[in-house]
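S.K.: Quick note: the sequence shown uses numbering that gives the first Met the number 0, first residue 0, plus one each step.
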Amino acid sequence: MTDIRRKPRHRRRRTAVAVGVPLALTAAGTFAYGTDLGLLGAEAQATASAATAVPAWATATADGFASVDSLGQNGTYGGRDGRTVTVRTLADLEKYATAAEPYVIVVAATIDMYPVGKEIKVASDKTIVGSGTSGQIVGGGFFLGTGVHNVIIRNLTIRDAYQGVWNDKEHDFDAIQMDGAHHVWIDHNDLRHMADGLIDVRKDSTNVTVSWNRLSDNNKTFGIGWTTNVVTDITIHHNWFRETEQRNPSTDNAAHAHLYNNFLEDAAGTTIKSSYGNYSRGATKMLLENSYFQGVNNPVIKDSTAAVVQKGNTFVSTTGRNESGGTAFDARTYYAYTLDKTADVPSLLKSGAGPRSSIGTTTTASTTAAAATLTVAKDGSGQYSTVQAAVNAVPANNASRVVISVKPGTYRELVKVPANKPHVTIQGSGGSRKDTVIVYNNASGTPKPDGSGTYGTGGSATVAVEADDFQARNLTISNDFDEAAHQDIAQQAVALRTAADKVFLDGVIVSGDQDTLLVDTAAKDKLGRVYMTNSYVIGNVDFIFGRATAVIDKSVITLKKRWNGTSAGYVTAPSTAANRKGILIANSTVNGDVSDRSFHLGRPWHAGGDATLDPQTTVRDTTLSAAIKTTPWTDMSGFSWKDDRFAEYKNTGAGAGTASSDRPQLTDAQATGQEIADWLGGWTPSA
């Protein structure tokens, strides 16, 4: 699989979250995920405007320093004294999160932040909690400003504000940032792949507890400080830091930093390499207990002015600095806590960190049955050992969604979802989309094993989707055909082929060389809509192509050199039918390690020489690197691009350009008819 970014110098790791009992909290409160959280759908209103009785889980209070009375606040209990509302839109989430009065806000859908990087300014006395695993914030996060207090953020997935640059200096897009806030509890969340920090506790924020979270796939993960004052009191326990490079956390001038039962893991064989683990800086006093470090470079470091007192930690395959010294404090003089055995920490956190699923119910007040789940694992720990076996087990003409949950691993196989098996989701269960990989290496010219000819372009796909209402999440789909070794056959090698309607690709990597992503339809006269978001597409020649009505939104399109090291290629090759929408790239980034001015944005593919086709690509509100040619469109097979539909609108970056006869730009009026909603035609993709 091709890496999607340049190898970084520093990357953050995730902290492990302890599990055991569904949630091990202090006597101050309990969050029983298997019971109370499972009732979210029944107890919360289906609209964001009506009050409900407060469910039991909303009365839970924080442990650690967030439970300590100070600054006029008696512990941290969030919005339990206010109304409970359920939100499914950005507008409703922002309305209630910024309100002056207390609220328990149940997030029951995937909410895309707009613009990307948006951070909702949360007001005091709020609980923001995900309904089961359906509460997801994509492309932005939350900001808690000076004086904001008594805030709980739980059971959410906050992800994918990453803008294509690992050590990003221009996009301060955090999952959760606080500047001068106090009494904040961040618990059981999945935080990953943001442009800057996953958690920033800044500018004298204090009385903060961070517990049972998964933090992953990030560079500058968790920073504490940014002030010369020594006032911050923070507890960090039962978090899983995995594949994070630096700031795990970095703790600057904290009065009391209590870290215990965390799991810091730098997995072998990945491009992410930890720079350091726990860092005590300035005048920080850090107490570090019963944490587990695996494969981490410089697992514990300290400034000469800082203190680290270590007790009961385990270090496996770590290298570099592992330091302690000075005097810290006795955390039990501030609050009660119980340490888990260090040896149990990895298994506890792998099973218990992050959002907890609702059980046996839906996320709305309806009585619709929950989706069935089939598990796949190469090691035999699932119901099936191959993805295709799980697909085969889906009943024909199934009426409701079936989720195929695929455990981390590389699955070298061909997968086909036939037309009579709609409503299927294939979803990686790892912490990163790179943990679960479906890969094969057929090309158009590869002979079929039965001697009946070659596969052809469409037949070469590693994953072929012919069923409507298909979804893919949190995984990689790749075609690793070796072009250099097979110059004697046709080179087209598809990773993913879709020939269906309402295909939703969320948080995936689709990787190949020529013809990576084929967005097709079941027939020329059939509608086929595809929506891809928060994803990566990697390739070099016509690598996003076909006749579907396809949107690529908030994603990174990575340009790749050819097998011989040269730079030249085409991003899109639409073969759109007349009076249909073609390919729309919006709010995205096009870049890659290729030569300047070497790639076209697209060319018209009149499949089979069909002159009735009217190919369309629109690229708008997208950052283009210098790899894009100043004349970005070109002809194909005797058909002029000027006779078809190719245009741009408000693109930026070194590869953008002004309007000319060789570079059409939409007017503002024209652009209003080329929005994402126009492409999707009444379909609203949702998990």
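Virtual Cβ for every residue (Gly too), placed ideally from N, Cα, C.
According to DSSP, is Asp195 helix, strand or coil?
M.R.: Correct three-state label for Asp195: coil.
S.K.: Between Val518 and the rest of its own chain, which residues show a CB-CB distance below 6 Å, the 5 nearest in sequence each way excluded?
M.R.: Excluding positions up to five away in sequence, the list reads Thr497, Val529, Gly545, Ala547 and Ala549.
S.K.: Please confirm whether His182 and Gln72 have their CB atoms less than 7 Å apart.
M.R.: Yes.
S.K.: Given this structure, state the Cα-to-Cα distance separating Pro684 from Asp68, to the nearest angstrom.
M.R.: Looking at the two C-alpha atoms, the distance is approximately 44 Å.
S.K.: Taking only the alpha-carbon atoms, compute the straight-line gap between Asp266 and Asn539 and give it to the nearest angstrom.
M.R.: Residue 266 is actually Ala in this sequence, not Asp. The alpha-carbon atoms of Ala266 and Asn539 are separated by roughly 30 Å.
S.K.: What is the C-beta distance between Thr588 and Gln162, in whole angstroms, given that I count them as a contact (C-beta under 8 Å)?
M.R.: Rounded, the Cβ-Cβ distance is 6 Å, consistent with contact.
S.K.: Determine the direct distance from the alpha carbon of Tyr102 to that of Ala253, and round the result to whole angstroms.
M.R.: Distance between the alpha carbons of Ala253 and Tyr102 is about 30 Å.
S.K.: So Ser66 packs on Gly78, CB below 8 Å; how close in whole Å?
M.R.: Incorrect: roughly 17 Å between the Cβ atoms, too far for contact.
S.K.: If we ignore side chains and look at the alpha-carbon of each, how far apart do Ala522 and Gly568 end up?
M.R.: So the two alpha carbons sit approximately 28 Å from each other.
S.K.: Would the beta-carbon of Tyr291 fall within 7 Å of that of Thr318?
M.R.: In this structure, Thr318 does not lie closer than 7 Å to Tyr291 by Cβ.
S.K.: Within a Cβ cutoff of 7 Å, which residues of the same chain sit near Tyr113, ignoring the five residues on either side of it in sequence?
M.R.: Result list for Tyr113: Leu89, in chain order.
S.K.: Look up Ile300 in the DSSP assignment and say whether it is helix, strand or coil.
M.R.: Three-state result, Ile300: strand.
S.K.: Starting from Trp239 and walking both ways along the beta strand (DSSP E), at which residues does that stretch end?
M.R.: Unbroken beta strand (DSSP E) run through Trp239: Trp239 to Gln245.
S.K.: Taking the alpha-carbon positions, what's the Gly408 to Ser477 distance?
M.R.: Looking at the two C-alpha atoms, the distance is approximately 13 Å.
S.K.: Just to confirm the assignment, what range does the beta strand (DSSP E) spanning Trp632 have?
M.R.: Element bounds for Trp632: n/a, residue is neither H nor E.
S.K.: Compare the Cα-Cα distances from Val315 to each of Ile185, Val344, Val390 and Gly591 and report the closest residue.
M.R.: Among Ile185, Val344, Val390 and Gly591, the Cα nearest to that of Val315 is on Val344.
S.K.: Pro421: buried (16+ other C-beta within 10 angstroms of its C-beta) or exposed?
M.R.: Result: buried.
S.K.: Report the residue from Leu286, Leu665 and Pro298 whose alpha carbon sits nearest the alpha carbon of Val308.
M.R.: Of the listed residues, the one whose Cα sits closest to Val308 is Leu286.
S.K.: Would Asp500 be called buried (16 or more neighbouring beta carbons within 10 Å of its own) or exposed?
M.R.: Classification for Asp500: buried.
S.K.: For a test of the three-state rule: what should DSSP assign to Val502, helix, strand or coil?
M.R.: Strand.
S.K.: Quick check: the Cα distance between Asp661 and Ser639, rounded to an integer number of angstroms?
M.R.: Their Cα atoms are separated by approximately 12 Å.
S.K.: What first and last residue would you give for the beta strand (DSSP E) that runs through Gly408?
M.R.: Where Gly408 is concerned, the enclosing beta strand (DSSP E) stretches over Gly408 to Arg411.
S.K.: Among residues of its own chain, excluding the 5 on either side of Ile537, which ones have a beta-carbon nearer than 6 Å to its beta-carbon?
M.R.: Only Thr1, Ser510, Thr557 and Lys559 meet the Cβ criterion.
S.K.: Would the stretch 440 to 456 count as touching the stretch 380 to 394 if we require 3 or more Cβ pairs under 8 Å?
M.R.: No, they do not touch.
S.K.: Can you tell me which of Thr205, Lys553, Ile543 and Trp211 puts its alpha carbon nearest to the alpha carbon of Gly224?
M.R.: The option with the nearest alpha carbon to Gly224 is Thr205.
S.K.: So Asp178 packs on Lys202, CB below 8 Å; how close in whole Å?
M.R.: Confirmed, about 4 Å.
S.K.: If distances are taken between C-alpha atoms only, which option among Thr575, Tyr334, Val414 and Asn563 comes closest to Ala61?
M.R.: The shortest C-alpha separation from Ala61 is found at Tyr334.
S.K.: Measure the CB-CB distance between Ile198 and Glu242 and report whether it falls below 7 Å.
M.R.: No. Outside cutoff.
S.K.: Can you tell me whether Arg331 is buried or exposed? The criterion is at least 16 other CB atoms within 10 Å of its CB, across all chains shown.
M.R.: Its Cβ having fewer than 16 others within 10 Å, Arg331 is exposed.
S.K.: Taking Cβ to Cβ, would you say Asp514 is nearer than 7 Å to Val493?
M.R.: The answer is yes: Cβ separation under 7 Å.
S.K.: Leaving out five residues before and five after Arg432 in sequence, what residues of the same chain have Cβ atoms less than 7 Å from its Cβ?
M.R.: Cβ neighbours of Arg432 beyond the five flanking positions: Asn473, Leu474, Thr475, Gly506, Val507 and Ile508.
S.K.: What is the DSSP secondary structure of His170, reduced to helix, strand or coil?
M.R.: Note: His170 maps to coil in three-state DSSP.
S.K.: Hey, quick one: how far does the beta strand (DSSP E) through Tyr439 stretch, first residue to last?
M.R.: Its beta strand (DSSP E) spans residues Thr435 to Tyr439.
S.K.: To the nearest angstrom, how far is it from the Cα of Thr621 to the Cα of Asp677?
M.R.: In a straight line, the C-alpha of Thr621 is about 18 Å away from that of Asp677.
S.K.: Give the secondary structure of Trp165 by DSSP, where H, G and I count as helix, E and B as strand, and everything else as coil.
M.R.: DSSP places Trp165 in coil when its eight states are reduced to three.
S.K.: Based on Cα-Cα distance, which residue from Met635, Asp592, Gly608 and Asp595 lies nearest to Thr571?
M.R.: For the residues Met635, Asp592, Gly608 and Asp595, the minimum Cα distance to Thr571 belongs to Met635.
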